[in-house]
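K.L.:
Below you can see the structure in the form of structure tokens.
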């Protein structure tokens, strides 16, 4: 399951993942994400990807994971933040399918709430 939320009052684009994403759901997500990114000026928004509840993905969905991460890194956001999955295996899986230098462009955070309290979001 996934959820896309534009929060204009905080200039945040929040993507939340939960559970296991099938290949079909990953394709639907990528399509919806591409549509959503055209509806607002991403350069004025911070990206927050909440993957805390994301489970290990199936092997056939790794192409979608790679495409999604690469798209989010090349899209011009003010800043990019990731709330890491509770599953170490899920986190390692994401790092395995993309180049390590991509993750240097994403700041890890503990929670969405901690980001809202941070002066970095202002």
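Residue numbers (the working numbering): -7 to 114. All residues carry an ideal CB built from backbone N, CA and C; glycine is no exception.
Quick one: what's got a C-beta closer than 8 Å to residue 37's C-beta in the same chain, skipping five residues either side?
P.N.:
These residues qualify, in order along the chain: -2, 3, 4, 5, 69 and 70.
K.L.:
Do residue 56 and residue 22 have their C-beta atoms closer together than 7 Å?
P.N.:
Yes, these two residues count as a Cβ contact at 7 Å.
K.L.:
Helix, strand or coil: how does DSSP classify residue 3 here?
P.N.:
In the structure shown, residue 3 sits in coil (DSSP, three-state: anything other than H, G, I, E or B).
K.L.:
With respect to the beta strand (DSSP E) encompassing residue 73, which residues constitute its N-terminal and C-terminal limits?
P.N.:
It spans 72 to 75 - the beta strand (DSSP E) in which residue 73 sits, taken as one unbroken run.
K.L.:
Helix or strand or just coil, what does DSSP make of residue 58?
P.N.:
Helix, per DSSP.
K.L.:
Could you check which residue in 111, 1 and -4 has the C-alpha nearest to that of residue 43?
P.N.:
Among 111, 1 and -4, the Cα nearest to that of residue 43 belongs to -4.
K.L.:
Who are the Cβ neighbours of residue 116 in its own chain at under 6 Å, not counting the five residues just before and after it?
P.N.:
With the chain represented from -7 up to 114, any question about residue 116 goes unanswered, as that position is not in the structure.
K.L.:
Report, in whole angstroms, the separation of the C-beta atoms of residue 9 and residue 46, which I expect to be a contact under 8 Å.
P.N.:
That pair is a contact at about 4 Å.
K.L.:
Given this structure, state the Cα-to-Cα distance separating residue 108 from residue 102, to the nearest angstrom.
P.N.:
If I take the Cα positions, the gap works out to 11 Å.
K.L.:
Whole angstroms are fine: how far does the CA of residue 66 sit from the CA of residue 24?
P.N.:
Between residue 24 and residue 66, the C-alpha separation is close to 17 Å.
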